[in-house]
Each structure stands twice: as C-alpha cells, then as structure tokens.
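Residue numbers (the numbering used here), protein chains in the order written: chain A, 15 to 337; chain B, 15 to 337.
The structure appears below as structure tokens.
Protein chains: 2
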Amino acid sequence: MARLAEVSTATVSRVLSGGKPVSPEVADRVRVAAQDVGYRPNPAAQTLLRGSSRTVGVVVPDLGNPYFAEILKGIAAEAAADEHHTLVAGTEEDPEQEYRSAIELARWVDGLLLCAPRMSTPRLREVAEAARRLVLINRVLRHSAVGSVVVDYHLGVRALCEHLASLGHKRIVYLQGPTAAWSDQQRQRGFRSPEASGLTIIRVECGSTLVDGREAVDEALTYQPTAIICFNDHVAVGVLSRLRELGLSVPADISVAGIDDAPMSAHTDPGLTTYAVSTVELGRQAWERFTPRVTTATTHLQGELVVRGSTAHPPRRGARTSR
Amino acid sequence: MARLAEVSTATVSRVLSGGKPVSPEVADRVRVAAQDVGYRPNPAAQTLLRGSSRTVGVVVPDLGNPYFAEILKGIAAEAAADEHHTLVAGTEEDPEQEYRSAIELARWVDGLLLCAPRMSTPRLREVAEAARRLVLINRVLRHSAVGSVVVDYHLGVRALCEHLASLGHKRIVYLQGPTAAWSDQQRQRGFRSPEASGLTIIRVECGSTLVDGREAVDEALTYQPTAIICFNDHVAVGVLSRLRELGLSVPADISVAGIDDAPMSAHTDPGLTTYAVSTVELGRQAWERFTPRVTTATTHLQGELVVRGSTAHPPRRGARTSR
DNA sequence: GGAAATCGGGAAAAGGTTTACATCGCGCTT
DNA sequence: AAGCGCGATGTAAACCTTTTCCCGATTTCC
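Structure below.
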C-alpha cells in the first residue's frame, strides 16, 4: 500500500475520494506517493463498502442490430461522462435468456437499462424488484415506479399510413416484428388509427433482422400489396435487397418504408422512407431517467417522417401516376 | 443473511459456490432458505476475496460501427457462455480516451480485450502492464507476451488488387482508414505486394465511417480512378451512396470494393465486392486467446474474397468491356 | 490570557464473502 | 474392541477500502 510510502492510512482515502478537508501539503505528498507506486484503489473494496459500483447494466435483444448498437453507444457515452461503467448483455432475442441476464446483472450494477425487453410482464416485475434501479426503453410497465423512455411508434405508423394513403396506396403489407416486442404492439396500434382506416393492412410475420426481412418478402408479395411497411429499417434493407433480386423496382413497382432511420437508411438505393428516431436522444433520455435526479414516469419521444426515394405512387391501377 | 434462516455460515458458501462436500440434507435446507429470502451473494465481496470479477473489458473505437458491434456481440456471447460479464467502452476513435478507458477498465476486470486500438505503442505497453490479461484484436504488440488475433488484411488487399487487375483496372484509389489504425497499415502493405505492382494506387485520406466515405468520394474522383477500394464496408456504403448521388453507375462507370463483409454488404445495390472476415470467428478466437488455456502469440485469421456486383471491367479505355 | 471551536489526521470498525483450520462423529481396519 | 481416518460443519481470518469517532493542536473570540 501507498500508506507506507508516506504517512497515513485513511488520509489516502480522503485525498483520493472524498472532498474532505486535507492540508494541501499532505495531499500532495499522498498524490506523489500514489503516482510513484502506481497505486489504484481496489474497485471491489470500494463497491463493497459504499454499496455502489458506479456501473450500469444494459440489456439488448441483439447487439448486432445497428439500432440497438446505436442506443448502446449513446448510453455508454452518457454513462462514461458521468463516471459510470457499462455492463452489457445481448440476449439473442430470447426472453428466457434476457430474464436471466437481467437478474444476474442486477446483482452487479447500480441499476439496469433494459432495451425493448421481450420478457413477460410478471418476469419484468421480478426484474424490477431485483434491480436497485430500472429504466425501460421502448416498453412500459404499468402500475409501477419504473421509468420508461419510449418512442411513439403508433404515431410513426400513422404518419407512414397517411403518407402512403396520400400517394394512393390501398393494400399494404406490414412485416411484423418479434411478437414479444411491446414496440411492435405500438406499431400495430397505429394501424387502427384514422389515418389507416382507408387502407387494407395485411400482417405478415417477420422479425427484426435483415435476413428476416429478406425471407418475408415472398410471402408478402402473395398478397399483392402496393407497399410494404417494415418493422424497422434493418428489415427494410433486407426487403429492398430481395425485391431487387426478384426484379422488382422500388418504388416504381412497389413502395417500401421502414421505421427508426438507421444510419444506413439514407444510403440505400433508393433511400428509405422511414420514421426517424434519434437514438442519441433516446440514449441521453434513458440516462437522464436513470440518474437519481429525475424520476418522472415515462418519457415519450417523437420521431419524424423522413420521405426518401423508396415510396411513391403505386403502379397503374387507376391513372398513370407520375403525370 | 440467510444464515439465520437456517443453521450455518460458511456452509452456505459451500453449497452455493464450491463443489465442497456437503450433506444433501443440509444443502437442500440452505437452498430453500436462500430461495425464501431471495438471497444472492454480493458480487463485490466475492470479487474482493477471490481476486477475480469474472468480468472482461472490451474497448472498441466506435460502438456504432456494425463491424465492431458484431465483434462485441461475439465476445459477449462467448464470455456469457463462460460465465463472464462484459464491460464495454466506446472511445469515439480518440486515442487519448481509449487509453484512459483501458486503464480505468483494467482496474475492474480480469482482463482486457482491445479492438483495433488506436493508441501509441508505448501507451499500449502501459495498458498491457496495468491489465491482468490482455488480448489485442487487429493489432500486435511486438516483443511482449500479449496475444493477438488479427485478420490478414494485406492478403485481403492483395486479393482485391488481383481481382481488379484481372478485370483490367489500372488506376485505383484507396480510401485510407484512421491513420492510427494498425490494420490500415496492414492494408497498405498489401499494396506493396506483387499483385499490386501493375497498378497505380492513389491514397486518399478518409476514415472508418459511412459519412467519411461519402465525403471522400469527391476528392477520390479528381484522380480519375476506375476503381475505389475502401478501408471497410461501412465506408464503401457511403461511397456507393455518394456515387449514385453524382449520377455515376457502379460498376459500369466505376468499381467499388470494401473490406470486412459487413452484414449489409450483401444487400446493397449493387452487392459489395469485399474481403469477407468472420466476425463470429474473430470474437470466438479472441475469447479463446483470453481464456488462460491458450497463450500462443498471435492468431492469424484469413478472410476470403467475395465478388459481388460492385466490381466489373473498367469503362471503355481500350475495348468495350461487356463483350 | 484562557477557553471554546475548528480543523487535520489517526485508529478501528464495518462491509459480505471465501477458505484454511479446527472440531466432531462415525465407520472401517486390524 | 480400539484406533485411525475421513467426511461434514463451525470458527475465524483475510480481502481492501471507506468512514465514523476521537483526539490533539491551532486559532479565534471574549
């Protein structure tokens, strides 16, 4: 220990940790000694004593999904700025594993940030009980004190429906996300809105990944839609790819829209019409909510419709569209 | 404590942790009690005592980069399978921040996994000293005991050069990655290989992100290349996007190639010719190397050339290409 | 000038677990 | 039948800090 190097024992703590009164002279001596010996307080001991690890746990369904990666990035950056570390766990979209990871992580960290958790509500309650603090992203837990940051996806779907309806679309396929995803239900809510009332919505099971999107296209086409709305942009990219493979042109033959505005969405060909959500803001808000300062219930984040090249008038059926 | 609930003190530990001999009867009693009280051993105390936190630190230059996200995913999965947690830090491509994060993380974890570290060699040595264990991904540290898992990018570049040369390309722009990236130097090495001897390689400063790629295109075009090789696929997607914006057709007007085979690379339009590296394998190998079992120096991973639609014969200049 | 208040620093306890050591009882060997 | 050994359990130390309490000294105020 650096104690021997100089004089005291608890004084070291006062110098290195608390803002307790220490004479500048002694403080310097301690700092120099610590520097010399390369002394670093043991985090485990600190944690044990002060009862906080200055660490946050983040659980996401899929680390490979750019959307979650972005959110994680945002959270990690915010946490680091607040001198917290980030413990991360990917769950491969498996609710069981998600539950276990969350419970396990809860032992280590000061609090948990759950991204779009797929687990059941009762289980979520268990987690809420096990964790010292809990913030949900894109999910809410009613009748509880746990805070949430959610994107108003139903508004996104409404905007998308309105946009497509105004272009003249009537038959639209919606490629569903994971059934366990709360955020998928929010999207579904959007389809029951006035904006969607004139539209025929066909739901096709899909998933949340690029490959899921690819594979759902063929079934989607059997319903002969003039447009496809995808669970997210990741899926949409897969859809675009498969459509191209089938020789269909977007948007001339069929329109495609995504949700989330992934980083790549502006750079696909054609650019993806989507409902843009700021992941940075999402991460920031989540951290804000995590911090003891603010304890409001749920924060709603709105995105905005971004129209790019992937949506246009439906082909023929009535008048030639592009005048 | 659950001790009171039943009978003993250290027996609890024997039941819950070690495989020490305990009579089945007592073991059951302990388990039931633990269940009732919801008792969980305190990780900090465990860490403090056993001197290991069963946690690994992963530092990556950019969490938003799908390539690193994939690697992180692989590592986290492997670590979880081995009952380890994953502490993560993104460094925004800042060597200084990277160094600080690594040093700080080293205090907490059993070992560090550094992804494509940008920091200087001396600093890297400092980190190697501070960390209990250290594994490098896409970087080597000579004259040291730290293990590495690296992709043989120079082979990738050679393959790409050979491919492009065989198509008839002569002038190629290489969009450089971050200058601090060791892996960029590896790529550069590839350009000094026999396969590239007949080619004129023009180096243009770029970066590692999609936006970097977009922005480098205009300068690249001033050199009138017939092909562009990008630092990675992420950059290449940005390049494709900008080229399309400029009204240039790929591969008819210009060929584009990436490196890494990001998940989206098969789904761009056109599909991206690239040097495919298995991030799964990379993560797996890194974990393997991290584990005390294996201590070999550096593992070399080879990728393979994947030819997709983004590369073809150069336009005119000599014979019409497409037969 | 003396007493009280304040400030700086030291000793020691606490925080929760693991593990080495000691203890105790029982079965087996000779 | 007695001793020995092994298996099962309790006791206590150790892990490394932080923090509370306390004491000594210096300063300030009356």
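Glycine residues also receive a C-beta, built at the ideal position from the N, C-alpha and C atoms.
Distance, residue j Cα to residue i Cα
i	j	result
B:D76	B:E112	10 Å
B:L127	A:P208	52 Å
A:G125	B:E118	20 Å
B:D108	A:I151	28 Å
A:F245	A:V163	19 Å
A:L315	B:A120	36 Å
A:V154	B:P131	38 Å
B:P265	B:T240	9 Å
A:W196	A:S31	42 Å
A:Q238	A:S263	14 Å
A:T293	A:G88	7 Å
B:P38	B:A24	16 Å
A:N79	A:T223	7 Å
B:L174	B:R330	21 Å
B:G52	A:V123	17 Å
A:T287	A:S255	15 Å
B:M133	B:G191	15 Å
B:V270	B:P277	17 Å
A:L189	A:V251	12 Å
B:H98	B:Y167	30 Å
A:G221	B:A230	35 Å
B:S295	B:E318	The question names Ser, but residue 295 of chain B is Glu in the sequence shown. Those two C-alpha atoms are separated by around 13 Å.
B:S279	B:D247	7 Å
B:V249	A:R139	43 Å
Closer than 8 Å: residue i CB and nearest the ligand ZN heavy atom
i	result
A:T288	Annotation note on the ligand ZN: not contained in the displayed structure, which lists no ligands.
Residue range of the unbroken alpha helix (DSSP H) whose run includes residue i
i	result
A:V3	A question about residue 3 of chain A goes unanswered here, because the residues of chain A that appear run from 15 up to 337.
B:S255	247 to 259
A:C175	167 to 181
A:I117	109 to 122
B:I85	80 to 95
B:A230	224 to 236
B:T365	Residue 365 of chain B falls outside the range modelled here, since chain B spans only 15 to 337, and no answer is possible.
Neighbour flag for residue i against chain A, beta carbons, 9 Å
i	result
B:A333	Note that B:A333 scores a pLDDT of 42, beneath 50, so its modelled location is shaky; the value from the coordinates is reported in the next line. No, no contact with chain A.
B:D4	With chain B running from 15 to 337 in the structure shown, residue 4 of chain B is simply not present.
B:P80	yes
B:H281	yes
B:A266	no
B:E106	yes
B:P57	yes
B:E110	no
B:L127	no
With 16 other Cβ atoms within 10 Å as the buried cut-off, status of residue i
i	result
B:A59	exposed
A:A159	exposed
A:R310	According to the sequence provided, residue 310 of chain A is Thr. The question's Arg does not apply to it. With fewer than 16 other Cβ atoms within 10 Å, it is exposed.
B:A95	exposed
A:V72	buried
A:E106	exposed
A:G204	buried
A:T236	exposed
A:T100	buried
Beta carbon proximity, residue i to chain B, threshold 9 Å
i	result
A:S324	no
A:M278	yes
A:V270	no
A:L101	yes
A:N246	no
A:D76	yes
A:A251	Note on residue identity: the sequence assigns Val, not Ala, to residue 251 of chain A. It does: the Cβ of A:V251 has a partner Cβ on chain B nearer than 9 Å.
A:A91	yes
A:T61	yes
A:G86	Note that residue 86 of chain A is Leu in the sequence shown, not Gly. Output row for A:L86: interface = yes.
A:T305	no
A:T69	yes
A:S255	yes
Delimiting residues of the beta strand (DSSP E) encompassing residue i
i	result
A:A290	287 to 290
A:V320	318 to 320
A:L189	185 to 189
A:G323	Where A:G323 is concerned, there is no enclosing beta strand (DSSP E), given that its DSSP letter is neither H nor E.
B:D274	269 to 274
B:R153	No beta strand (DSSP E) holds B:R153; DSSP gives it neither H nor E.
I want to know whether the region 179 to 194 of chain B touches the region 141 to 151 of chain B - three or more CB-CB distances under 8 Å.
Result no; under three Cβ-Cβ pairs closer than 8 Å.
Next on the checklist: So, does the region 290 to 299 of chain A touch the region 293 to 300 of chain B, judging by three or more C-beta pairs under 8 Å?
Outcome noted: They do not touch, by the three-pair rule.
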